[in-house]
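Chains as they are written, first to last, in the numbering used here: chain A, 1 to 350; chain B, 1 to 350. To start, the structure under review is shown below, and the notes come after it.
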C-alpha cells in the first residue's frame, strides 16, 4: 500500500449547479447532498485504507488551492498542485505523474475526479484496491467501468471484451473501445448488452506506465513536464509551471492517451455511482419525502409539491407551494427556479 | 393649512408579504414596488402641500421608531409616538388626538395607514384638501371612499346616501352604514350600485370632533389619555404611556367610533388606490412585461414564465423558468414560491 498514490482532479467549475455552485466555490467543494462533507472530502474519504494520506495529490486551479487546504487538511500542502490556467485533464495528469515518479518510481496511481458520489464505500475500496494491485503487477492501464442501470445518454461508455478475463484473481477485461455519449436508442442497446459499461473517468496505472504512455502518445506535453524534473519540489517549481502551462495543448487524457494506448483494461463494478452532473441526478441521491421531493436545507417546508429538488443552505426558512418537477436553489441571494425537464438550459440562462 | 395635521399609523407587521416583509422591517418601511421610496415615504410624499411637515405625526410600535426617524427625517422626532404594545387603531388615534389637541385645539386631522398606494398624487391631494376643509367647517367625521373597479372581497365597503350632497362645493355625502368584507356575490352587487364605495381607512375630522367622539363612544380609552394631558411633551410622557397602554381595550376605530357616531360623511374618490395587501395587488401596481410578469429587482431573468410576480432586492441574479401565476420572493436567504391563487395561505405556511 505504501506505493499507492491517489490523484484527485479538482479543477472544474460546476456551472450546471448554479447558484449553489459558483466559479468562486464550485461543486466539488460543496456539501451538495447535505451530508456534512463536500464532494472532494467524500472522495478522499472513499480512498482511506487504500492510499496513505502522504501519497494523496490534488491538482486544482490556483484559485482553489486555499479551499483544498482548508477542506483536506490531511493532504500534505506540497501535494496540492496549482494550475495557472485550465488545460483539460492530460496536462494535469502528466504534471502530477512526473512529480510522483520523481518521488517514487515504483508508485501505482489512481486518478479520480473530485465530484463523484459512491455511497457504498466498502465496495468501492475493494474494486479500487484490486485494480491497483493489477496495475502494479502489469503494464496495464485500468479503467473503472460501472454496470449501467439505465440507458443514460449523459455518460461515455466503455466496450469491454468479455470473452476471457485478463486476471486470474479479478474481473478485469480488455477494452475494445471507448464510446462517446450516445443517443437514447444507442444507449438502450448498450444497456441491454453485458459488454458496455459507463466510463467512470477513474484510471489506475503504475507511474512508469503512464509516463511512458505520455512519452509515446503525447510527446509534446510529456517533454514540457519531463524537462522540469530538476525543479520539482524546489522553490522554482510554481514559477516554471506557470510559465509552461499556457503552452500546453488543452486535451483530455481520454483523447491524448486512452484512445491511442494498447494495453487498456476495464474493471467492471456494480456499485451505485453517479458523477452528480445534474439536479435530476442529485435528486436521486438524496433522501426523498413521500411526494418524491428532495430537500437539502434545514428549514424547508413543502406544500402541495411533488418530484422537486430544493437546495438552500443553512437554517433560512423556505416555503414552496404548488410545484411539480422543479428545481429551486438559492445561494447568497441568487436564485434559480426551473423545471427539471429544462435543466440542461441552466447554463444558458445565467 | 397651518391647522392641518396628518397622522400616519405605522404599527402593522405585514405578514402577508413574508419574506420581503418581516416583523423586524414590515412592509410600510419597504420599497415594495421598487420605486426607490418605501410605502411610508410615499404616504408622506402624498400629503406634501396639504399638511406642513411640523404637523405630521407617526404612531408606531416602539420597535420601529428608529426606522421611522431614519426614513422620515422631515418629521419632528417629538411627533413620532411609540406604542409599547399593539392595541389596534382606537387607542393609537385617541392618544395622538389628545396630543394634537394640546398642541392646537383648532387642528384638523387626516389619519391614514402607512401602506396604501395612490399613484395619482395630485388627484389625491385635491380630495384630501377638500375633505379637510369640510371637516374643519363642520363637526363631521369624513371618510374617503374609493369607487370600486372590481368586486373585491378583501375590502370593507361604505354605503353612501347619494340622494343629496352634504356640501355645496364638494361631493360629500352622508354615510348610511359600513359593510364588512363581502362574499363575491355581495361584492358584485355592491360594484353594480353607485352607493357602495371601498372603505379606504382614511379619516378626516377636526381634533375637537374626534376627541368628543372618543369621550362619548369610548370613554374608557378616552379618559386614560385625557388624564395624561399634563405629561404630554414632558420627559415623563413615554413612561406614562408605557404604563397605561397595556390597560387599553384593543379595538379598531371603526368599531369604537365610526359605527356608533352620527355625523359620518364620505368623500367619494375615483383615483386608483390599493391597500397593497396581497401579492396579486402588488403585481397589478408594478410595470409588467409582455407576459404579464411583474419583476421587482435589478437582475431578474424570466424564461417561459407568465402572470407571475418576482420580488428580490438588489442586484443578485435570479433565473425563473416555467412558472405561470406564481409569486417568488427572496429576502436575506428566506424564500417563498407559491401559486398566486393560494397566497391567502402564506400566513399559515411560515
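Ideal placement from N, C-alpha and C gives every residue a C-beta, glycine not left out.
Hey, how far is the Cα of residue 206(A) from the Cα of residue 279(A)? By 1-based counting over the first chain, the position of residue 206(A) is 206. By 1-based counting over the first chain, the position of residue 279(A) is 279. Taking the straight line joining both Cα atoms gives about 36 Å.
Select from the region 299-313 of chain B all residues with a C-beta closer than 7 Å to any C-beta belonging to chain A, and list them in chain order. So the close ones are 301, 303 and 312.
Residues of chain B with CB under 9 Å from residue 145(A), in chain order? Taking the first chain and counting its residues from 1, one reaches residue 145(A) at position 145. Result: empty, since nearest Cβ-Cβ is about 35 Å, beyond 9 Å.
Straight-line CA distance for residue 220(A) to residue 212(A)? Numbered from its first residue, the first chain carries residue 220(A) at position 220. Numbered from its first residue, the first chain carries residue 212(A) at position 212. Using only the alpha carbons, I get a separation of about 13 Å.
Those residues which DSSP pairs with residue 288(B) across a bridge: The residue you call residue 288(B) lines up with position 288 of the second chain. Looking at the DSSP output, residue 288(B) shares a beta bridge with 294(B).
Using the beta-carbon of each residue, which ones in chain A are nearer than 9 Å to residue 316(B)? The residue you call residue 316(B) lines up with position 316 of the second chain. Result: 19, 332, 333, 334 and 335.
Would a C-beta distance cut-off of 8 Å place residue 315(A) and residue 334(B) closer than the cut-off? In the first chain, the residue the question calls residue 315(A) occupies position 315. In the second chain, the residue the question calls residue 334(B) occupies position 334. No, they are not a contact pair.
Using a Cβ-Cβ cut-off of 6 Å (strictly less than) and excluding sequence neighbours within five positions of residue 215(A), which residues of its own chain qualify? Within the first chain, residue 215(A) is the residue found at index 215, counting from 1. For residue 215(A), where only same-chain residues beyond five positions count, the Cβ hits under 6 Å are 222.
Assigned exposure category for residue 132(A) - 16 Cβ within 10 Å defines buried: Here residue 132(A) refers to the residue found at position 132 when the first chain is read from its first residue. Under the 10 Å beta carbon count, residue 132(A) is surrounded by 16 or more other beta carbons and is classified as buried.
Distance, Cα to Cα, residue 337(A) vs residue 200(A)? Along the first chain, read from residue 1 onward, the residue named residue 337(A) stands at position 337. Along the first chain, read from residue 1 onward, the residue named residue 200(A) stands at position 200. So the alpha carbons of these two residues sit roughly 30 Å apart.
What residues in the region 23-34 of chain A bring their beta carbon closer than 9 Å to a beta carbon of chain B? Closer than 9 Å at the C-beta level to chain B, one finds no residue of the region 23-34 of chain A.
Quick one: what's residue 321(B) bridged to in DSSP? Locating residue 321(B) in the second chain gives position 321, counting from the first residue. Looking at the DSSP assignment, residue 321(B) forms a beta bridge with 303(B).
Is there at least one Cβ from chain B nearer than 8 Å to residue 339(A)'s Cβ? Position 339 of the first chain, counting from 1, holds the residue named residue 339(A). Cβ-Cβ to chain B under 8 Å: yes for residue 339(A).
How do the region 23-38 of chain A and the region 3-14 of chain A stand: do at least 3 beta-carbon pairs fall below 8 Å, yes or no? Counting Cβ pairs under 8 Å, three or more are found: they touch.
According to DSSP, which residues form a beta bridge with residue 338(B)? Here residue 338(B) refers to the residue found at position 338 when the second chain is read from its first residue. According to DSSP, which records beta bridges pairwise, residue 338(B) is partnered with 327(B).
Under a Cβ-count criterion, where at least 16 other Cβ atoms within 10 Å of its own Cβ denotes burial, should residue 332(A) be classed as buried or exposed? Taking the first residue of the first chain as 1, we reach residue 332(A) at position 332. Result: exposed.
Secondary structure at residue 19(B), three-state DSSP: helix, strand or coil? Translated into the one-based positions of the second chain, residue 19(B) becomes position 19. Residue 19(B): coil per DSSP, three-state reduction.
Pull the bridge partners of residue 197(B) from the DSSP assignment, please. As a first step, residue 197(B) is located in the second chain; it is residue number 197 there, counting from the start. In the DSSP secondary-structure assignment, residue 197(B) is bridged to 158(B).
First through last residue of the beta strand (DSSP E) which encompasses residue 170(A): Taking the first chain and counting its residues from 1, one reaches residue 170(A) at position 170. No beta strand (DSSP E) holds residue 170(A); DSSP gives it neither H nor E.
Extract the residue ranges of the beta strand (DSSP E) inside the region 178-237 of chain A, only unbroken runs of 3 or more that lie entirely within it. Whole beta strand (DSSP E) segments, 3+ residues: 196-206.
Report the neighbours of residue 320(A) on chain B: residues whose CB is nearer than 7 Å to its CB, in chain order. Taking the first chain and counting its residues from 1, the one referred to as residue 320(A) is at position 320. Chain-ordered, the chain B residues with CB closer than 7 Å to the CB of residue 320(A) read 337.
Look up residue 282(A) in the DSSP assignment and say whether it is helix, strand or coil. For this step, residue 282(A) is matched to residue 282 along the first chain. It is helical.
Less than 8 Å separating the beta-carbons of residue 39(B) and residue 282(B)? Here residue 39(B) refers to the residue found at position 39 when the second chain is read from its first residue. Here residue 282(B) refers to the residue found at position 282 when the second chain is read from its first residue. One thing to note: residue 39(B) has its Cβ no nearer than 8 Å to the Cβ of residue 282(B).
Limits of the unbroken beta strand (DSSP E) element including residue 47(A): On the first chain, residue 47(A) is found 47 positions in, with the first residue counted as 1. Unbroken run through residue 47(A): none, as it is neither H nor E.
Should residue 72(A) be labelled buried (16 or more other beta-carbon atoms within 10 Å of its own) or exposed? Position 72 of the first chain, counted from the start, is the residue given in the question as residue 72(A). The residue in question, residue 72(A), is buried, as its Cβ has 16 or more Cβ neighbours within 10 Å.
Would you mind stating whether residue 67(A) and residue 269(A) have Cβ atoms separated by less than 8 Å? The residue given as residue 67(A) occupies position 67 in the first chain. The residue given as residue 269(A) occupies position 269 in the first chain. No, the Cβ-Cβ distance between residue 67(A) and residue 269(A) is not below 8 Å.
Tell me where the beta strand (DSSP E) around residue 80(B) begins and ends. For this step, residue 80(B) is matched to residue 80 along the second chain. Its beta strand (DSSP E) spans residues 80-83.
For my contact list, residue 202(B) and residue 153(B) are in at a C-beta cut-off of 8 Å; report their separation, rounded to the angstrom. Stepping through the second chain from its first residue, residue 202(B) is reached at position 202. Stepping through the second chain from its first residue, residue 153(B) is reached at position 153. Contact between residue 202(B) and residue 153(B) is ruled out by a C-beta separation of about 21 Å, above the 8 Å threshold.
At 9 Å on the CB atoms, spell out the chain A contacts of residue 282(B), in chain order. Stepping through the second chain from its first residue, residue 282(B) is reached at position 282. Here the premise fails: no neighbours, minimum Cβ distance about 17 Å.
Out of 226(B), 197(B), 192(B) and 191(B), which has the shortest C-alpha to C-alpha gap to residue 208(B)? Taking the second chain and counting its residues from 1, one reaches residue 208(B) at position 208. Among 226(B), 197(B), 192(B) and 191(B), the Cα nearest to that of residue 208(B) is on 226(B).
Out of curiosity, what's the CA-to-CA distance linking residue 382(B) and residue 251(B)? Lying before the first or after the last residue shown, residue 382(B) is absent from chain B, which here runs from 1 to 350.
On a Cα-Cα basis, can you pick out the residue from 64(A), 188(A), 139(A) and 129(A) that is closest to residue 114(A)? As a working mapping, residue 114(A) is identified with position 114 in the first chain. The option with the nearest alpha carbon to residue 114(A) is 64(A).
Rounded to the nearest angstrom, how far is the Cβ of residue 130(A) from that of residue 267(A), given a contact under 8 Å? Here residue 130(A) is taken as the residue at index 130 of the first chain, counted from 1. Here residue 267(A) is taken as the residue at index 267 of the first chain, counted from 1. About 7 Å separates the two Cβ atoms, so the contact holds.
Buried or exposed by the 16-neighbour rule on C-beta atoms within 10 Å, applied to residue 248(B): The residue labelled residue 248(B) in the question sits at position 248 within the second chain. Under the 10 Å beta carbon count, residue 248(B) is surrounded by 16 or more other beta carbons and is classified as buried.
Can you name the residues of chain A whose CB is closer than 8 Å to the CB of residue 359(B)? Outside the displayed range of chain B (1 to 350) lies residue 359(B), so it cannot be described from this structure.
Would you check if there are 3 or more beta carbon pairs closer than 8 Å linking the region 342-350 of chain B to the region 49-65 of chain B? Cβ pair count under 8 Å is below three, so no.
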